[in-house]
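Inspection log for the structure reproduced underneath, given as structure tokens.
Protein chains in written order, with our numbering: chain G, 525 to 1078; chain V, 1003 to 1179.
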């Protein structure tokens, strides 16, 4: 069936049009209804309304429906609620989700995990719901905003009589003067009220604050930007969230970036006894009051990508990181997360001493990592043959290192010099006094060649010991999507303000044979509209009570 | 105007489908913290070798690679070293590379160790733990078997099963490059 959509004014309207696009005559009935007009989208057809919708139109119609959008939002909210029942996997750094939920919550936890609710916000169905809301926002807007724009940008001034009498605010009454004169006289007071006035042959259109009609679509644009930012946060380079140890006094590379962070100095302060409450003191816990990493951030400027060369660094930022006071640099944030106060040896500077004569042969620096391999001290030469940072003996009695950390460092030298064999003599050295005794340095050296009676390596003061006093555990975050989230929310706010603080008000009037017919429409605040029309009429010499302007309809 | 609408509709819907599929895909896959899994491409590395030269995986393009993450202080790593050396000697002529990535130790320690054990397959230094991070290595040793196309054929966490090591390498060799 082909619907006749041609109006009596001669305008051909599109399928789904409620009010003639040209003269405003209602097309929905034969003209005997007194019901108030449906003014949504100014009565123009939404784009999706078609005579014979095909497959694509059906998808389009589905997403353009506000009802569908409401359901999508409800489903998303319910889904988001499910994710708040138990903690999400993403809250943890290192843990095994397959056992965690069962151990903590029992059977329900197990089911929660099996259903995939432990990662609700990363699950396919949740993301799909967000995508569908996005689709709905885009299609809803396209479907309505373009027709509305066209309808509002070319409004015909003389409107059909029915269009005027079926508005919510209506006045009808006689005027004494010539119609065009009256209309001419009406322009000034309306302009004074802030309206933009257009007249044409005894008809008038006054309009103000039309821009507020675009508010909802601005909100949509903001929401779309927000959704895109949230959905594409996972793109490479947009998001980074890692935890690393930063030993004090070291420049540590932040993996995956060309940045290096130096932990210059770490300090921690604890609550003193009298700062704690009685109850807390009894628990015997030591609670840190403040922990702070004095950090320096470097950017690599050259030789960054070549592991055979030392990278050249340039300082870019310096900040004392405290909890909730991160270092920030170009979207990168470094948060204080944890610390470890176990001291680690970095280097020692022992002196070679001749045990027989008491002669000293000078200091040398022995680094735990990447040590120099040969030292010349007086008449002696020390060649570093092997080192064990965490010394231990394996089942076969061979020396091994238990870890890469210098917990019990041991250095094996070959010493050459006066009174020693040509090929040198082996000598093991434990820089830490406690290890020297525990592993019986002298007994080992006795077996190796008896050098312990002739020579000795001696650290003479604490100044000759370089220690990494602590390590700071920092959380490195990059979230380049955040500016877009804020931008989106800012646009949403703008749209909200536009549509809440202003109203699109329009007054149409026409004079036919001495009878004035006035209709007025606003998007909200009908009381204000009524008052404005009433005061306008009174300046024109017509007294009309505000309440009498209300058109009851049927 | 009625005719111009159709392409616009199709373009908008297509954009939504493509962006939506991408968003779902990246959300679901992103959960694994980008750790390589069996079937994914082996992440690129650029590391300093024991020989003092810079090495990348691209050098071994078209060859099957056994990438072993190890350290001298890790007993299981030490245990499996001779087997790796043996397999390296056996398969190197068939285009198999055994690559040892040492995690965070210095040159002296590694040199002493390899000399003591007599291994001569290529060793790379992962000083900043970049490769450890890119490969998502948690326990040591972890061994990745990479086929000739650069795809990870299998991942072995913990000490290698010496009985199946030979079989695994054999399979790598037999896969078409």
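Glycine residues also receive a C-beta, built at the ideal position from the N, C-alpha and C atoms.
Counting C-beta pairs with one atom in each stretch, the region 859-866 of chain G and the region 990-999 of chain G have three or more that are closer than 8 Å, which means they touch. Taking residue 729 of chain G as reference, the option from G:828, G:682, G:743 with the minimal CA-CA separation is G:682. An exposed status is given to residue 1017 of chain V, since fewer than 16 other beta-carbon atoms sit within 10 Å of its beta-carbon.
At least one CB atom of chain V sits nearer than 8 Å to the CB of residue 648 of chain G. Neighbours of residue 612 of chain G in chain V, taken as residues whose beta carbon is under 9 Å from its own, are absent, since the nearest beta carbon is some 11 Å off. Separation of residue 1095 of chain V and residue 1005 of chain G (C-alpha to C-alpha, rounded to the nearest whole angstrom) is 50 Å. Contact check between the region 944-958 of chain G and the region 862-878 of chain G: three or more CB pairs, one atom from each, fall below 8 Å, which counts as touching. Of all residues in the region 738-768 of chain G, only 755, 756, 758, 759 come within less than 7 Å of chain V when Cβ atoms are compared, listed by chain position.
Counted as a single uninterrupted DSSP element, the alpha helix (DSSP H) harbouring residue 1084 of chain V occupies residues 1077-1093.
Taking 8 Å as the CB threshold, residue 829 of chain G lines the interface with chain V. Contact between residue 839 of chain G and residue 783 of chain G is absent: CB atoms are separated by about 11 Å, not below the 8 Å threshold. Within the DSSP secondary-structure output, residue 1043 of chain V pairs in a beta bridge with V:1153.
Beta bridge pairing from DSSP links residue 1034 of chain G with G:727, G:1041. In this structure, DSSP gives residue 870 of chain G an extended state, which the three-state scheme calls strand.
At the C-beta level, residue 1150 of chain V and residue 1066 of chain V come within 8 Å of one another. In the three-state reduction of the DSSP assignment, residue 903 of chain G falls in the coil class, being assigned neither a helical nor a strand state. Collapsing the DSSP output to three states places residue 1120 of chain V in coil.
Under the 10 Å beta carbon count, residue 1058 of chain V is surrounded by fewer than 16 other beta carbons and is classified as exposed. The beta carbons of residue 879 of chain G and residue 988 of chain G sit no closer together than 8 Å. Residue range 579-588 is occupied by the alpha helix (DSSP H) that includes residue 588 of chain G. The beta carbon of residue 584 of chain G lies closer than 7 Å to those of 572, 663 in the same chain, with the five residues before and after it left out. Contact with chain G is absent for residue 1094 of chain V, since none of that chain's Cβ atoms lies less than 8 Å from the residue's Cβ. Nearest C-alpha to residue 1015 of chain V among G:549, G:582, G:536, G:544: G:582. Not a single CB atom of chain V sits nearer than 8 Å to the CB of residue 921 of chain G.
By the Cβ criterion, the region 963-970 of chain G is not in contact with the region 819-833 of chain G, since fewer than three pairs of Cβ atoms, one from each stretch, lie closer than 8 Å. Contact check for residue 1089 of chain V against residue 1167 of chain V passes: the beta carbons are separated by less than 8 Å. A distance below 6 Å between beta-carbons, with the five flanking residues on each side excluded, links residue 703 of chain G to the following residues of its chain, in chain order: 726, 1035. In the three-state scheme derived from DSSP, where H, G and I count as helix and E and B as strand, residue 737 of chain G is classed as helix. If you look at residue 959 of chain G, you'll find it in the alpha helix (DSSP H) that goes 957-962. Residue nearest to residue 1053 of chain G within the set G:1073, G:993, G:720 is G:1073 (criterion: CA-CA distance). Close to chain G, meaning a Cβ-Cβ distance shorter than 9 Å, are the following residues of the region 1129-1143 of chain V: 1129, 1130, 1131, 1132, 1134, 1135, 1136, 1140.
Annotation for residue 695 of chain G: 1042, 1068, 1073 place their beta carbon closer than 6 Å to its own, counting only its chain and skipping 5 residues before and after.
DSSP places residue 531 of chain G outside both helix and strand once states are collapsed to three, so it counts as coil. A check of alpha carbon separations from residue 963 of chain G across G:950, G:933, G:986 identifies G:933 as the nearest. Comparing alpha carbon positions, the residue from V:1160, V:1169, V:1148 closest to residue 1083 of chain V is V:1160. One thing to note: residue 949 of chain G has its Cβ within 8 Å of the Cβ of residue 973 of chain G.
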